[in-house]
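Report on the following structure.
Following this line, the structure appears as structure tokens:
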């Protein structure tokens with residue numbers, strides 16, 4: 003059962019402060035309204051995982067691990083591999099996270115990352131089929147929020163993509179109906195590279211990539227994604243509140259520009275094997 | 004369900020004969036359940052949804068109660084027989100997520116400050132799914148809240164727009180959702196010219212996104228008109244109180 007989050011008692015004072023700074027084009031941490039926090043990406047840090055990445059944006063920190071198995075395809079897509087995204091908001095990341103199975107926020111994060119990868123057309127799942135209707139690669143993308151200082155959405159997608167791009171997938175062959183490792187490895191090819199940007203609206207203004215103090219007092223927030231061609235790939239309004247329709251054009255423009263900035267940074271750090279364009 | 008050869012024919016008609024900007028036949032009924040404080044039934048073509056509201060009532064468990072306002076609980080749920088392949092009982096991850104975004108849309112327009120320490124519980128049951136269940140559910144929930152007499156700044160009206168065969172269309176049915184290129188559920192508070200729910204599955208150019216929002220706005224204003232009509236119909240027929 004979904005529950006409304008509690009409002010902080012200091013929220014109103016903080017909101018006024020953040021809003022007044024925003025009117026002057028400033029933020030509490032010295033950034034401009036359209037500035038992302040500094041970002042770092044480390045990949046391949048875990049030996050037991052088939053792929054891994056640690057990404058931080060400011061002090062929000064996300065760890066993603068990839069595990070690959072062989073399993074049965076879905077009956078309606080017999081010639082396609084499978085991937086699933088899970089996300090956990092670990093209790094060590096924030097006092098607002100509690101132990102236990104993923105709550106609605108964790109589920110929302112997982113589904114937004116999943117949609118960004120799936121609808122963004124990142125992977126060609128047909129290439130992950132071993133025997134049609136019988137055996138396909140199953141990729142588990144598990145996202146853990148380690149430190150929560152606002153906006154876990156954007157770094158979560160970055161870390162999932164970095165882990166996927168650098169994953170060494172064990173190659174299997176099917177012998178007498180049983181999957182066996184060949185001892186070889188292969189890299190996943192990307193058909194597209196979408197990223198998201200979190201938008202926080204206060205009054206008639208908006209900022210991007212909020213840190214926690216800002217996130218707590220936003221009137222409303224949105225996650226919006228775009229790919230390298232400038233297509234919008236994912237949208238999720240993820241908090242109560244109203245988004246003024248008049249702001250949407252400027253938001254879309256900002257998202258296309260800022261996802262481009264993330265993409266350039268990403269490609270500096272992470273080797274991406276691009277699929278041949280059809 | 005087979006993929007049709009084309010989702011839009013040479014005359015610009017969709018699989019069910021609609022034009023790109025046409026809504027499905029809509030039915031709305033208020034106060035269909037007896038035991039809840041407010042209820043509504045809404046039908047968009049083959050999508051059929053019941054919503055009911057309990058409250059404001061004492062919050063349970065009590066430690067969840069807030070000193071300054073009511074909590075709004077929301078459960079969006081599909082019956083096991085609402086879809087082609089039987090849906091397992093219990094809440095799927097999709098239902099948990101949709102409950103969250105629907106609750107956030109309703110919270111936005113409800114005066115929760117009027118009822119400190121109370122809870123308002125919204126239950127949405129999809130009894131038949133043919134595309135647009137979250138938007139139909141939200142439209143019904145908003146009517147059920149109004150039926151329960153809960154003060155609201157506005158009704159919420161919702162509809163999905165999508166892209167099928169490269170063209171923007173209003174109010175996707177299941178086939179269009181499944182085989183189309185994009186599905187964008189939108190809910191608005193028309194009085195405030197604002198968006199209260201927005202999701203996008205699929206890809207659109209910024210231009211299509213902009214046009215899609217405008218198309219949604221057109222659908223929303225029609226749904227909003229029908230909502231007010233349905234409410235008036237119920238409450239104008241209430242017999243006057245005896246003195």
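Protein chains in written order, with our numbering: chain L, 3 to 280; chain B, 4 to 246.
In this text, a Cβ means the ideal position worked out from N, Cα and C, and glycines have one as well.
At least one C-beta of chain L is nearer than 7 angstroms to the C-beta of residue 103/B. Given a length threshold of 3 residues, each whole run of the beta strand (DSSP E) inside the stretch 195-248 of chain L is given here in chain order: 197-204, 207-210, 222-228, 234-239.
About 6 angstroms separates the Cβ atoms of residue 70/L and residue 139/L, confirming a contact at the 8 angstroms cut-off.
Residue-level contact check: residue 122/B does not touch chain L, since none of the beta carbons of chain L fall below 7 angstroms from its beta carbon. Rounded to whole angstroms, the gap between the alpha carbons of residue 233/B and residue 157/B is 15 angstroms. Put simply, the stretch 73-93 of chain B touches the stretch 119-132 of chain B. At least three CB pairs are less than 8 angstroms apart.
For residue 215/B, the closest Cβ of chain L is not nearer than 7 angstroms.
Sequence-distant partners of residue 239/L (beyond 5 residues in either direction) whose C-beta falls short of 6 angstroms from its own C-beta, in its chain, are 224.
Of the other Cβ atoms in all chains shown, fewer than 16 fall within 10 Å of the Cβ of residue 86/L; this residue is therefore exposed. The contact set of residue 109/L on chain B, defined by CB atoms closer than 7 angstroms, consists of 96, 99, 100 in chain order. Exposed is the label assigned to residue 22/L, since fewer than 16 other Cβ atoms lie within 10 Å of its Cβ. Boundaries of the beta strand (DSSP E) harbouring residue 81/B: 74-81, taken from the DSSP string. Contact between residue 128/L and residue 82/L holds, since their C-beta atoms are separated by about 6 angstroms, short of 8 angstroms. Only those residues of the stretch 191-210 of chain B whose C-beta falls short of 9 angstroms from the nearest C-beta of chain L are listed: 191, 192, 195, 196, 197, 198, 199, 200, 201, 202, 203, 204, 205, 206, 207, 208, 209.
Identification of residues in the stretch 231-244 of chain L having a C-beta nearer than 9 angstroms to some C-beta of chain B yields 231, 232, 233, 234, 235, 236, 237, 238, 239, 240, 241, 242, 243, 244, given in sequence order. If you ignore the 5 residues before and after residue 32/B, its C-beta comes within less than 6 angstroms of the C-beta of 44, all in its own chain and listed in chain order. Put simply, of 80/L, 15/L, 132/L, 62/L the residue whose alpha carbon is nearest the alpha carbon of residue 182/L is 132/L. When the five nearest sequence neighbours on each side are left out, the beta carbons in the same chain lying within less than 8 angstroms of the beta carbon of residue 223/B are those of 160, 161, 162, 189, 190, 191, 193, in order along the chain. Excluding five sequence positions before and after residue 24/L, the CB atoms of its chain that fall closer than 7 angstroms to its own CB belong to 35, 204, 207, 209, given in chain order. Shortest Cα-Cα distance from residue 149/B to any of 219/B, 136/B, 40/B involves 40/B. For residue 56/L, the enclosing beta strand (DSSP E) has its first and last residue at 53-59. For residue 88/B, not one C-beta of chain L is nearer than 7 angstroms to its own C-beta.
DSSP places residue 250/L in the helix class (H, G or I) of the three-state scheme. The way I'd put it, the stretch 51-59 of chain L doesn't touch the stretch 105-113 of chain L; fewer than three beta-carbon pairs between them come closer than 8 angstroms. Put simply, of 13/B, 12/B, 18/B, 14/B the residue whose alpha carbon is nearest the alpha carbon of residue 181/B is 18/B. The criterion of a C-beta distance shorter than 7 angstroms is not satisfied by residue 82/B and residue 11/B.
DSSP links residue 156/L through a beta bridge to no other residue. Not one beta carbon of chain B lies nearer than 7 angstroms to the beta carbon of residue 101/L. For residue 109/L, the enclosing alpha helix (DSSP H) has its first and last residue at 106-121. The alpha-carbon of residue 117/B is positioned some 11 angstroms away from that of residue 70/B. For residue 104/B, the enclosing alpha helix (DSSP H) begins and ends at 96-112. Judged by DSSP secondary structure, residue 188/L falls within the beta strand (DSSP E) whose first and last residues are 180-188.
Think of a sphere of 7 angstroms around the beta carbon of residue 212/B: the chain L residues whose beta carbon falls inside it are 234, 254, in chain order. DSSP, read as helix, strand or coil, puts residue 18/L in helix. Residues of the same chain with a CB within less than 8 angstroms of the CB of residue 204/B, apart from the 5 flanking positions on each side, are 185, 186, 187 in chain order. Annotated three-state conformation of residue 59/B is strand, per DSSP.
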